[in-house]
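So in our numbering, the last spot in the sequence shown is 449, and the numbers never skip.
Yeah, the Cβ is synthetic: ideal placement off N, Cα and C, and Gly gets one too.
A short worksheet on the structure shown next.
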Amino acid sequence: MSAGLGVQVVVETDPEAEERLVEELFTAVLADIGADAEDHDVEDEDEDLEEDDERVVLAVAVARAEGKLLGWASLLGPDEDDPGPTVQWLLLSREIERIKTGMYDEHPATPEEIELLVAMTKAAADHARDAGNDAVVWSDPMADLDAHVAKALGATPDEELGHIWAFEDLASVAAPAGLPAVRTQVATEPTENLPDGTDVITIDVVDTDVELSALIKGRRAMVEEISHHDTEPEVVAAAIHDLVGKIRELNPDVRTLQVHEYDDEVVEDAAELAGMTVAKQLHFYRLDL
Numbered sequence: 161m162s163a164g165l166g167v168q169v170v171v172e173t174d175p176e177a178e179e180r181l182v183e184e185l186f187t188a189v190l191a192d193i194g195a196d197a198e199d200h201d202v203e204d205e206d207e208d209l210e211e212d213d214e215r216v217v218l219a220v221a222v223a224r225a226e227g228k229l230l231g232w233a234s235l236l237g238p239d240e241d242d243p244g245p246t247v248q249w250l251l252l253s254r255e256i257e258r259i260k261t262g263m264y265d266e267h268p269a270t271p272e273e274i275e276l277l278v279a280m281t282k283a284a285a286d287h288a289r290d291a292g293n294d295a296v297v298w299s300d301p302m303a304d305l306d307a308h309v310a311k312a313l314g315a316t317p318d319e320e321l322g323h324i325w326a327f328e329d330l331a332s333v334a335a336p337a338g339l340p341a342v343r344t345q346v347a348t349e350p351t352e353n354l355p356d357g358t359d360v361i362t363i364d365v366v367d368t369d370v371e372l373s374a375l376i377k378g379r380r381a382m383v384e385e386i387s388h389h390d391t392e393p394e395v396v397a398a399a400i401h402d403l404v405g406k407i408r409e410l411n412p413d414v415r416t417l418q419v420h421e422y423d424d425e426v427v428e429d430a431a432e433l434a435g436m437t438v439a440k441q442l443h444f445y446r447l448d449l
């Protein structure tokens, strides 16, 4: 299948295809970071990528231009949470940036990226249809790619996954009245295992199980998960504002903070109480075949 601009998409069903592609990805990473390769633990990144989803890989739609790998879309078999096959994609350029910086690149999708993803997703979906499936689903919480692909292919929002909450201007953020006072412990992890220029601030709320870590790069801070157990949303909201204060103190150039929430009512309520706004609603998109 041709995706235009000299791009070819080929569906591979070899069980080891994805593993070979991951190796090819990290060869590209090392070539890109050059002399800084010693600062990046490629083996750990490889394990993280491979452990991202343990479902059976039914097929992989691989995109190349003049032999150069551009990305792939894996068709994953069903599991107890997803009764139908799932398409999970990777764009080489964005993945290289993630590995180099420690954060996903959230710049708006380019026309070239959309065209490439549509071609890969369609190829994977066609394979699923030919195998007797009546639908595929996908999601991509790190950017706006999922919605663009859905629009191009006629997919519809299916299951809601959660939200990305944000403070768009940390300098103007003030804690709402009525939040409880919390005692916290702060850790700033050493950056030797992180890409250059990337920091981490971790907040632990004393006498609770609340913990949140912000990954900081440039003017952005991102919390991928808030850990909690048997805790009121008000306490989590107070912890978020404690984190805001520490970011201002330790990384004053940071302008935005995002918190990822995946179908978690406590974190959702906490983000609302903290005064955060929804930057993105997360969905699975369903494409009927």
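How would you label residue i, buried or exposed, when you count the other beta carbons within 10 angstroms and need 16 or more for buried?
i, result
"Arg428", "Per the sequence shown, residue 428 should be read as Glu rather than Arg. Looking at its Cβ environment, which holds 16 or more other Cβ atoms inside 10 Å, Glu428 is buried."
"Ala291", "exposed"
"Val223", "For clarity, residue 223 is Ala in the given sequence; the question names Val instead. Burial call: buried."
"Glu409", "exposed"
"His287", "buried"
"Ala221", "buried"
"His267", "exposed"
"Val366", "exposed"
"Asp174", "exposed"
"Ser234", "buried"
According to DSSP, is residue i part of a helix, a strand, or is it coil?
i, result
"Leu251", "strand"
"Met280", "helix"
"Ile333", "Before going on, a small fix: residue 333 reads as Val here, not Ile. If DSSP states are grouped into helix, strand and coil, Val333 belongs with coil."
"Asp206", "Note that Asp206 scores a pLDDT of 48, beneath 50, so its modelled location is shaky; the value from the coordinates is reported in the next line. Looking at Asp206 - three-state DSSP - the assignment turns out to be helix."
"Gly459", "Outside the modelled stretch of the chain, which goes from 161 to 449, sits residue 459, for which no answer is possible."
"Ala312", "helix"
"Gly322", "strand"
"His287", "helix"
"Ala197", "Confidence at Ala197 is low in this model, with a pLDDT of 47, below 50, so its placement is unreliable and the value that follows should be read with caution. In the structure shown, Ala197 sits in a helix (DSSP, three-state: H, G or I)."
"Val395", "helix"
Smallest Cα separation from residue i: which of the options?
i, options, result
"Val309", "Gly378, Ala284, Val167", "Ala284"
"Ala269", "Thr261, Met263, Val278, Gly262", "Val278"
"Glu255", "Glu320, Leu181, Ala347", "Leu181"
"Ala188", "Arg446, Leu305, Gly166, Gly231", "Gly231"
"Phe444", "Val365, Ser299, Gly357", "Ser299"
"Ala430", "Asp402, Ala397, Leu442, Leu403", "Ala397"
"Val217", "Val247, Leu403, Val342", "Val247"
"Glu226", "Ala219, Asn293, Val169, Asp369", "Val169"
"Pro238", "Lys406, Thr344, Val297", "Val297"
"Leu447", "Lys311, Trp249, Glu394", "Lys311"
"Ile376", "Val370, Thr358, Thr362", "Thr358"
Quick one: what's residue i bridged to in DSSP?
i, result
"Lys228", "Ala225"
"Arg380", "Lys377, Thr416"
"Phe186", "Paired residue(s): none; Phe186 is not in a bridge."
Examine the Cβ distances between the region 377 to 389 and the region 407 to 419 and report whether three or more of them are shorter than 8 Å.
Because the criterion of three Cβ pairs below 8 Å is met, the region 377 to 389 and the region 407 to 419 touch.
For the 8 Å Cβ check, are there 3 or more pairs between the region 319 to 331 and the region 387 to 399?
Touching, no.
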